[in-house]
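Report on the following structure.
Chains as they are written, first to last, in the numbering used here: chain A, 512 to 926; chain B, 5 to 304.
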């Protein structure tokens with residue numbers, strides 16, 4: 512079964528939780544006890560409609576404040592696909608959550624309140640989805656019921672958004688506009704009779720139709736070694752296999768490979784998936800690889816195709832998203848985790864801060880605060896094997912760990 | 005030979021997580037309850053390390069109120085796979101005076117497990133505990149991370165969770181802290197059942213329809229085992245054909261009326277069903293914020 516991860520973003524009141532609740536309700540994914548809880552709560556709050564946002568707002572603090580404060584995961588499925596929605600909050604101070612949600616998603620839904628149109632928040636959401644190179648973005652123009660399902664208003668908003676699109680860095684992103692009313696259910700799962708001027712798909716129809724080409728960019732295979740498996744049993748006495756996940760492309764038995772950092776050459780002898788041997792390990796599969804030659808390999812090494820080497824270097828420049836309340840300064844040292852590899856890193860220079868609303872850059876900054884996005888150079892204590900993020904979403908990204916608190920304090924996308 | 009193009013992304017993600025645990029931690033343990041989720045975890049761990057053995061032990065926090073079928077199953081599985089099993093008993097924590105047995109109609113040892121678990125983590129110096137919790141089970145769990153850091157007291161701070169980006173799992177912790185790991189975070193109940201069906205994984209017989217002495221309370225069906233489950237005299241015992249959707253402590257796990265006697269009919273039933281899995285767990289019904297409160301105290 513195919514699994515599609517979707518990142519949602521929107522401002523506080525543009526109906527994101529309601530949209531998700533509506534998707535759950537119309538796909539009959541809300542169980543009777545949950546529906547009952549929503550009905551009771553809606554009644555208690557004095558609403559004359561069902562408040563589907565109650566289906567998703569998880570923590571007590573959120574229920575008190577009536578807002579979502581962290582990434583929540585919501586699940587539903589159709590006969591066709593399983594869906595995981597990473598629901599991230601939309602207010603300004605939570606850029607870090609949007610980046611986090613977008614990093615694991617293949618599709619993004621940007622919500623716009625039809626009454627308000629494209630606002631600063633919309634720029635921000637789009638900027639982050641584009642920065643994270645999410646291949647498919649759906650712009651859901653919501654609350655159409657409150658603008659009398661006006662085609663003119665819809666076109667106006669669409670034009671405003673298209674103006675924004677010309678500024679984006681990642682131009683290959685596929686963008687679809689859909690007029691919806693999450694509250695009333697128009698064009699979410701079921702086609703609306705109130706938008707005869709709209710001939711496109713409903714939100715769910717669009718999601719159902721997405722295939723791998725709409726989700727992944729073509730890439731080259733990278734195999735970071737996670738764990739070395741040596742059973743030392745009678746049956747597998749000399750067995751030495753390399754466990755890991757294949758990213759970006761596929762690897763096959765017989766492929767000529769190079770092992771980094773030693774740059775030793777070898778050939779793939781076998782690929783195991785549990786107790787079966789396979790010819791080809793596809794992208795995203797967790798396999799076990801054996802090589803023709805006896806090579807010394809440990810965790811953090813990388814197996815790549817011989818004619819397809821990544822950059823091996825002790826320094827790089829990246830766009831980073833800062834996520835910690837302690838500021839980042841030039842000269843600070845952190846742990847950089849690139850895939851399964853951890854190295855010490857020093858901040859060489861903050862080049863400039865990027866305003867994530869397309870209003871330009873600020874090259875006077877000395878420090879980065881939580882939710883800032885900036886271009887920063889790092890120097891490492893040993894080389895890593897990376898690709899530019901634009902060429903390889905996995906091998907071009909890293910996280911930053913504070914070695915004192917052990918917290919994940921930032922994420923980066925190598926240029 | 006085939007390829008792996010027809011992969012199950014959830015299975016591959018879980019295998020990746022299992023391997024990260026083995027690589028990043030000194031002393032991991034797999035928390036095993038005998039329920040379908042932890043049985044699924046065992047299969048995923050086998051897949052992650054084959055042809056080597058699973059490089060960590062299993063641990064069962066035994067409330068003493070388990071279904072006997074679960075315990076039999078547990079012991080057989082451990083023997084067949086040659087795994088190491090650690091058992092720690094809630095009864096011992098009661099006898100030591102560390103926790104007090106609840107009394108009354110809704111008495112359950114479910115909450116008492118937390119103390120026994122935290123003591124065992126300290127006893128063995130476990131730094132990573134793998135569990136079968138899923139985000140779809142309950143609203144507070146929807147926010148849980150895959151690597152969830154707990155302090156010395158086993159406490160969860162939902163406001164201070166590490167962001168998890170891409171596939172990268174940050175397992176850096178201080179001495180005394182430990183990480184709860186949830187490899188099947190992204191699975192739904194149906195995903196687990198479909199996997200059990202496809203992989204032909206054996207599960208305890210109580211998951212399938214059987215005849216059982218039961219009584220009704222608050223619209224739920226309870227096993228009439230007077231030694232473990234409190235029952236008022238007027239709560240009449242009736243034999244019913246039931247099965248369990250979730251296998252926890254007997255005192256807080258209700259049965260459902262069902263004729264589903266094999267995996268095919270169980271999967272079909274789950275597909276058609278309209279009551280959520282935790283709807284049959286009285287411990288969550290106590291209050292809307294029940295799970296979140298228990299989690300802050302160190303419950304799994």
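Here a beta-carbon is modelled for each residue, glycine too, at the ideal position from N, C-alpha and C.
Give me the chain B residues within the contact set of residue i, using Cβ-Cβ distance strictly less than 7 Å, ordered along the chain.
{"i": "residue 786 (chain A)", "result": "54"}
{"i": "residue 888 (chain A)", "result": "Residues of chain B passing the Cβ test: none, with the nearest at roughly 20 Å."}
{"i": "residue 553 (chain A)", "result": "Going along chain B, no residue has its Cβ under 7 Å from residue 553 (chain A), so there is no contact; the nearest lies around 14 Å."}
{"i": "residue 848 (chain A)", "result": "172, 174"}
{"i": "residue 747 (chain A)", "result": "55"}
So residue i and residue j are in contact, right, with Cβ under 8 Å, and what is the actual spacing, rounded?
{"i": "residue 689 (chain A)", "j": "residue 649 (chain A)", "result": "6 Å"}
{"i": "residue 742 (chain A)", "j": "residue 824 (chain A)", "result": "Not a contact, Cβ separation roughly 36 Å."}
{"i": "residue 34 (chain B)", "j": "residue 46 (chain B)", "result": "7 Å"}
{"i": "residue 150 (chain B)", "j": "residue 796 (chain A)", "result": "Their Cβ separation, rounded to whole angstroms, is 19 Å, which puts residue 150 (chain B) and residue 796 (chain A) out of contact at 8 Å."}
{"i": "residue 219 (chain B)", "j": "residue 241 (chain B)", "result": "5 Å"}
{"i": "residue 654 (chain A)", "j": "residue 625 (chain A)", "result": "5 Å"}
Under 7 Å between beta-carbons, which chain A residues line up against residue i? List them in chain order, please.
{"i": "residue 6 (chain B)", "result": "789, 790"}
{"i": "residue 166 (chain B)", "result": "918, 919"}
{"i": "residue 140 (chain B)", "result": "586"}
{"i": "residue 238 (chain B)", "result": "Neighbours of residue 238 (chain B) on chain A: none; closest Cβ ~26 Å, over 7 Å."}
If the cut is a Cβ gap below 9 Å, which residues of chain A does residue i touch?
{"i": "residue 121 (chain B)", "result": "Within chain A, no residue comes near residue 121 (chain B); the closest Cβ sits about 23 Å away, beyond 9 Å."}
{"i": "residue 24 (chain B)", "result": "737, 738, 851"}
{"i": "residue 14 (chain B)", "result": "512, 514, 593"}
What does residue i touch in chain A if you count any residue whose Cβ is under 8 Å from its own?
{"i": "residue 192 (chain B)", "result": "586, 588, 593"}
{"i": "residue 27 (chain B)", "result": "737, 738, 810, 851"}
By the three-class DSSP mapping on this structure, what secondary structure does residue i have?
{"i": "residue 66 (chain B)", "result": "strand"}
{"i": "residue 13 (chain B)", "result": "helix"}
{"i": "residue 833 (chain A)", "result": "strand"}
{"i": "residue 797 (chain A)", "result": "strand"}
{"i": "residue 560 (chain A)", "result": "coil"}
{"i": "residue 251 (chain B)", "result": "coil"}
{"i": "residue 824 (chain A)", "result": "strand"}
{"i": "residue 903 (chain A)", "result": "coil"}
{"i": "residue 515 (chain A)", "result": "strand"}
{"i": "residue 289 (chain B)", "result": "Here residue 289 (chain B) scores only 48 on pLDDT, less than 50, and its place in the model is too uncertain to base an answer on."}
{"i": "residue 781 (chain A)", "result": "strand"}
{"i": "residue 609 (chain A)", "result": "helix"}
{"i": "residue 571 (chain A)", "result": "The predicted model places residue 571 (chain A) with a pLDDT of 47, which falls under 50 and marks its position as unreliable, so this point remains unresolved."}
{"i": "residue 51 (chain B)", "result": "helix"}
{"i": "residue 677 (chain A)", "result": "coil"}
{"i": "residue 806 (chain A)", "result": "coil"}
{"i": "residue 58 (chain B)", "result": "coil"}
{"i": "residue 813 (chain A)", "result": "strand"}
{"i": "residue 760 (chain A)", "result": "coil"}
{"i": "residue 86 (chain B)", "result": "coil"}
{"i": "residue 641 (chain A)", "result": "helix"}
{"i": "residue 543 (chain A)", "result": "helix"}
Just the chain B side, please: which residues come within less than 9 Å of residue i by C-beta, in chain order?
{"i": "residue 635 (chain A)", "result": "Ordered by position in chain B, no residue passes the 9 Å Cβ test against residue 635 (chain A), which lies about 17 Å from the chain."}
{"i": "residue 756 (chain A)", "result": "16, 17, 19, 20, 23, 171"}
{"i": "residue 727 (chain A)", "result": "Going along chain B, no residue has its Cβ under 9 Å from residue 727 (chain A), so there is no contact; the nearest lies around 12 Å."}
{"i": "residue 533 (chain A)", "result": "What residue 533 (chain A) touches in chain B: nothing, since even the nearest Cβ is about 18 Å away."}
{"i": "residue 865 (chain A)", "result": "Per Cβ cutoff of 9 Å: no residues; residue 865 (chain A) is ~18 Å from chain B at best."}
For residue i, which residues in chain B fall below 8 Å Cβ to Cβ?
{"i": "residue 751 (chain A)", "result": "Within 8 Å Cβ-Cβ: nothing; residue 751 (chain A) doesn't reach chain B, min ~11 Å."}
{"i": "residue 905 (chain A)", "result": "170, 171"}
Proximal residues, the region 40 to 72 of chain B versus chain A, C-beta separation under 8 Å: 50, 51, 52, 53, 54, 55, 56, 57
Contact residues within the region 785 to 818 of chain A, judged by C-beta distance below 7 Å to chain B: 785, 786, 788, 789, 790, 791, 792, 793, 795, 796, 797, 798, 810
Cβ-based contacts, 8 Å cut-off: residues of the region 637 to 649 of chain A near chain B: none
Cβ contact check for the region 763 to 771 of chain A and the region 795 to 815 of chain A: 3 or more pairs under 8 Å: yes
Interface positions of the region 189 to 213 of chain B facing chain A (Cβ-Cβ less than 8 Å), listed along the chain: 189, 190, 192, 194, 195, 198
Contact the region 87 to 100 of chain B vs the region 123 to 140 of chain B: 3+ CB pairs below 8 Å: yes
The region 870 to 883 of chain A / the region 837 to 846 of chain A touching (three or more Cβ pairs under 8 Å): yes
Inter-stretch contact at 8 Å, needing at least 3 Cβ pairs: the region 885 to 892 of chain A / the region 716 to 735 of chain A: no
Cβ-based contacts, 8 Å cut-off: residues of the region 597 to 630 of chain A near chain B: 607, 608, 610, 611, 614, 615
Stretch-stretch touch, CB-based, cutoff 8 Å, three pairs: the region 254 to 261 of chain B with the region 230 to 237 of chain B: yes
Touching by the beta-carbon criterion (3+ pairs, under 8 Å), the region 545 to 565 of chain A and the region 702 to 711 of chain A: no
Sufficient close CB pairs (3 or more, under 8 Å) joining the region 202 to 222 of chain B to the region 16 to 32 of chain B: no
Contact set between the region 772 to 784 of chain A and chain B, restricted to residues whose Cβ is under 9 Å from the partner: 782, 783, 784
The region 39 to 53 of chain B touching the region 193 to 201 of chain B, judged by at least three CB pairs closer than 8 Å: yes
Proximal residues, the region 677 to 707 of chain A versus chain B, C-beta separation under 7 Å: none
Given 8 Å, three or more beta-carbon pairs between the region 805 to 823 of chain A and the region 729 to 736 of chain A: yes
contact_flag[the region 106 to 118 of chain B, the region 75 to 84 of chain B] where n(CB pairs < 8 Å) is 3 or more: no
The region 160 to 179 of chain B in contact with the region 52 to 67 of chain B per 3-pair CB rule at 8 Å: no
Under 8 Å (Cβ pairs) to chain B, residues found in the region 828 to 847 of chain A: 834, 846
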